[in-house]
Every structure is written in C-alpha cells, then in structure tokens.
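Note that full-length UniProt numbering gives residue 165 to position 165 of the sequence shown, counting from 1, and the numbers run on in steps of one.
From the three backbone atoms N, C-alpha and C, an ideal C-beta is built for every residue, glycine too.
What follows is a single structure, written as structure tokens, with notes after it.
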Amino acid sequence: MKAFHQETARAPMGIVDPCSAAGYDLPDLGTGGLGGTEATVLRVAAALGSRFEITQYQQGRSNRHLSEAGTLRPLQDLDDAQNPAALIVINRWKVAIKLRKRHPATPIFLWLHVYPGRHNRKMAAALKAAGITVICVSETHARALAGFLGAEDVPPIRVIYDPLDDDLHPDATPRDPDRLLFASSPHKGLAEVFEQFAALRSDLPNLTLAVADPGYLRWDTGPVPEGVVFLGSLSHGALIRQMRRALCLFYPQTTFAETFGLVLAEANAVGTPVLVHDGLGANAEIVADATQRVDGHDPAQILGRIQAWRRAPTQVTANPAFRLGRVTGDWVQLLEHAAARHAEMEMVKST
1 MKAFHQETAR APMGIVDPCS AAGYDLPDLG TGGLGGTEAT VLRVAAALGS RFEITQYQQG
61 RSNRHLSEAG TLRPLQDLDD AQNPAALIVI NRWKVAIKLR KRHPATPIFL WLHVYPGRHN
121 RKMAAALKAA GITVICVSET HARALAGFLG AEDVPPIRVI YDPLDDDLHP DATPRDPDRL
181 LFASSPHKGL AEVFEQFAAL RSDLPNLTLA VADPGYLRWD TGPVPEGVVF LGSLSHGALI
241 RQMRRALCLF YPQTTFAETF GLVLAEANAV GTPVLVHDGL GANAEIVADA TQRVDGHDPA
301 QILGRIQAWR RAPTQVTANP AFRLGRVTGD WVQLLEHAAA RHAEMEMVKS T
C-alpha cells in the first residue's frame, strides 16, 4: 500500500505597500521606471511563492491580478484580509500600527527601506507596544535606526539584505575606459556627481558619464556638464548591460545615505567597480573593498582612482550574503516562525 502524502497548505502572507504611486508587477522589471524598493519586494515575493501564499496590497493599484509574485490587489482590499499568518508593511510605521488594531494576533513586520526623519521618533514606543518587528536592509541601517530611536522602547530589529539576483556574474563584455555610469534617481546626489565629473574632465577630457534615471522623480540637478549622456529609464537587463560596459559605477556623492544601495552590489556582481564616498550610509558595508571608496570631497582622490582603474581595471566580486537564495532563506526562516506562532495563538483562541 502506498503511503498517503498530504501537502501542507501554504501559510497566507500579506505584503502591504502604502507608498507606491501605481500598481507594479514582475514585467515592470523589463520595462524600466521601477524603484529599487518595488523591485526588491517583487523579487522576494516571487521567491517566497513556493512556500507561502503571497498577497500584495499596493497603493495605486486599481485591479486584482494573479502574478508569479503573488495575488496583487488594491490597497483598500486589505480591509477584507482574512486572518493572514503574517503581514509585512513597507516603510509606513503608522500603517503597521493601524493593522495591529485590526489584527491583534497576527505577527506584523515593518520592512524599512529608508532612514526615518525626525518627526518619526514616536515610532519606537508605538512599535514596541504593538509587538511589531522592524526589518532593516543592512547592519548599517539597523545601527542607525537603533541610534535614532534611542535606548528606551526600541522594538525588535532584524536585518535581511536586499536581494541580488543569483545569476549576475561577470562576462566577456569589453569595458570602455572612458565611460562612467550613474544609475540612480537624480535626488541621490546627481547634482554633486555632475560637479565631480566636470572636475574629472578637466584632466581626462575624453570621459563620458552615462546617466540611467529610473524617471520616478523629477529633481533639479543644476547645469549639465559636457560629456553627459542621458540613457533615460532602462529595463533591469538593459541597466546591467550598461554596467558591464562602464569603467565603473560613478557615485562619489557625499550627501545621500543609502540604506543598502542595490545598484552598488549589482555592479560588483558583474565585475564592475563602484566609486563611493567612504563613511556615508551603508557604502562601507555594501562595498567592502576599500579601493572602491574615496573621500568624495577630494577631487585628487577621485581622479587618482579613475586613472588607476583606466591603467589596470580592478577585480571585484559580489558578496554571497546578498544573493537571492541566501536572502530568501532568511525570509523563509522568519516567516515560518511567524506562521507557527500565529497557528499556536489561533489554536489557543479556539480552545
């Protein structure tokens, strides 16, 4: 007699994005214009789909759609959510607090991708009292958040990195020693990068700076130097091809602190060095190789590093801890524990 095998039902998980301007799905990775947070949410949701029943509630979405990244629903459908095993809220701590009132027995996580502003200091006590765990995207991010919140009433904080595709590796694409690449939204220091690039061109007049702007935010970047080429909004694949061609990802701006900086990790994964300002945000954690970090206030350091790479391109690799497989494993461990805790509480309620 054959043994009867019953497949365990996937625990229902809700991902709540109250920040998006419009609905988004995996095909948007191929058309461009998608922010790093949305891209990360989609990749993680798709990777978790075999273990959990994922429903995404997105601000700006007007229809329901079944996707490889889960069931995608408008944010207002969250009112109809039936007893999820866990809820993951993107960035908005006040939304997480409201959901706690509606779902008192459900594990809730605040998946934070930003550094909170001063007006959010009340979040510490509120999140701790509500039993909400914060997920930060780097150790640097977690330390900064703990310091911001203070020693008292700090909620539980976990670190799960943003995911780097497992199949990103160097290939035989030739690099152009005269081509630099900026691949971020312009509010992430592009005005300063233009100034740094203009200073470089006074010594290296053949340099060009390709700018890949996802296009989701207009920003005044001041005068555009000679040698700048605007690529517009690129699909993820097209952006990776631009990374492979460039001498480096040129990002030595000194003002915008990244909580992770996925494009930095992606560039290193395909063998492209990045030039970042040392000591800013998570730069030193994500770009562990000190030769890729400079004092962005020192034009001589920037020039020296670019000249050195033009003479002999440096060899860089991805951090294995950032790979999607590893990151997915961290999420699975967290959510399986949450689902088990939720099931125990439901059992207690029913007895």
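Outcome for residue i when other beta-carbon atoms lying within 10 angstroms are tallied against a minimum of 16
i: residue 68; result: exposed
i: residue 283; result: buried
i: residue 333; result: exposed
i: residue 342; result: buried
i: residue 292; result: buried
i: residue 141; result: buried
i: residue 56; result: buried
i: residue 331; result: buried
i: residue 23; result: buried
i: residue 324; result: buried
i: residue 305; result: buried
i: residue 52; result: buried
i: residue 123; result: buried
Residue j beta carbon less than 8 Å from that of residue i
i: residue 378; j: residue 112; result: The chain is shown only over 1 to 351; residue 378 falls outside these bounds and no answer can be derived.
i: residue 349; j: residue 253; result: no
i: residue 316; j: residue 268; result: yes
i: residue 221; j: residue 186; result: yes
i: residue 49; j: residue 36; result: no
i: residue 314; j: residue 273; result: yes
i: residue 17; j: residue 59; result: yes
i: residue 263; j: residue 138; result: no
i: residue 240; j: residue 168; result: yes
i: residue 235; j: residue 214; result: no
i: residue 197; j: residue 180; result: yes
i: residue 359; j: residue 200; result: With the chain represented from 1 up to 351, any question about residue 359 goes unanswered, as that position is not in the structure.
i: residue 89; j: residue 78; result: no
i: residue 224; j: residue 256; result: no
i: residue 237; j: residue 30; result: yes
Residue i versus residue j - alpha carbon distance
i: residue 337; j: residue 105; result: 14 Å
i: residue 164; j: residue 258; result: 16 Å
i: residue 288; j: residue 250; result: 16 Å
i: residue 344; j: residue 85; result: 11 Å
i: residue 61; j: residue 75; result: 7 Å
i: residue 243; j: residue 32; result: 15 Å
i: residue 312; j: residue 175; result: 11 Å
i: residue 290; j: residue 170; result: 20 Å
i: residue 64; j: residue 80; result: 13 Å
i: residue 154; j: residue 310; result: 47 Å
i: residue 286; j: residue 260; result: 7 Å
i: residue 108; j: residue 152; result: 21 Å
i: residue 20; j: residue 96; result: 16 Å
i: residue 226; j: residue 178; result: 14 Å
i: residue 4; j: residue 279; result: Confidence at residue 4 is low in this model, with a pLDDT of 37, below 50, so its placement is unreliable and no value can be given for it.
i: residue 144; j: residue 247; result: 32 Å
i: residue 120; j: residue 205; result: 46 Å
i: residue 308; j: residue 203; result: 14 Å
i: residue 172; j: residue 271; result: 10 Å
i: residue 128; j: residue 156; result: 7 Å
i: residue 228; j: residue 245; result: 16 Å
i: residue 72; j: residue 301; result: 47 Å
i: residue 339; j: residue 34; result: 30 Å
i: residue 66; j: residue 265; result: 30 Å
i: residue 101; j: residue 115; result: 25 Å
i: residue 192; j: residue 320; result: 31 Å
i: residue 92; j: residue 117; result: 12 Å
i: residue 391; j: residue 110; result: The chain is shown only over 1 to 351; residue 391 falls outside these bounds and no answer can be derived.
i: residue 28; j: residue 230; result: 21 Å
i: residue 276; j: residue 40; result: 22 Å
Residue i - DSSP class collapsed to helix/strand/coil
i: residue 270; result: coil
i: residue 348; result: helix
i: residue 7; result: Because residue 7 carries a pLDDT of 45, less than 50, the predicted location of this residue cannot be relied on, and no value is offered for it.
i: residue 342; result: helix
i: residue 256; result: coil
i: residue 30; result: helix
i: residue 241; result: helix
i: residue 162; result: coil
i: residue 314; result: coil
i: residue 285; result: helix
i: residue 132; result: coil
i: residue 17; result: strand
i: residue 337; result: helix
i: residue 1; result: Caution applies to residue 1, whose pLDDT of 37 falls short of 50 and renders its modelled position unreliable; the value that the coordinates give is listed next. Three-state DSSP puts residue 1 in coil, outside helix and strand.
i: residue 53; result: strand
i: residue 74; result: strand
Min CB distance residue i to chain C below 8 Å
i: residue 243; result: Protein chain content of the structure displayed is limited to a single chain, and chain C is not contained in it.
Near the ligand HEM: residue i beta-carbon under 7 Å from a heavy atom
i: residue 126; result: This structure lacks the ligand HEM, and indeed carries no ligand of any kind.
State whether the segment 152 to 168 contacts the segment 39 to 46, with contact taken as three or more CB pairs (one from each stretch) at a distance under 8 Å.
Yes, the segment 152 to 168 is in contact with the segment 39 to 46.
May I ask you to verify whether the segment 288 to 297 touches the segment 6 to 25, counting CB pairs closer than 8 Å and requiring at least 3?
Segments in contact, no.
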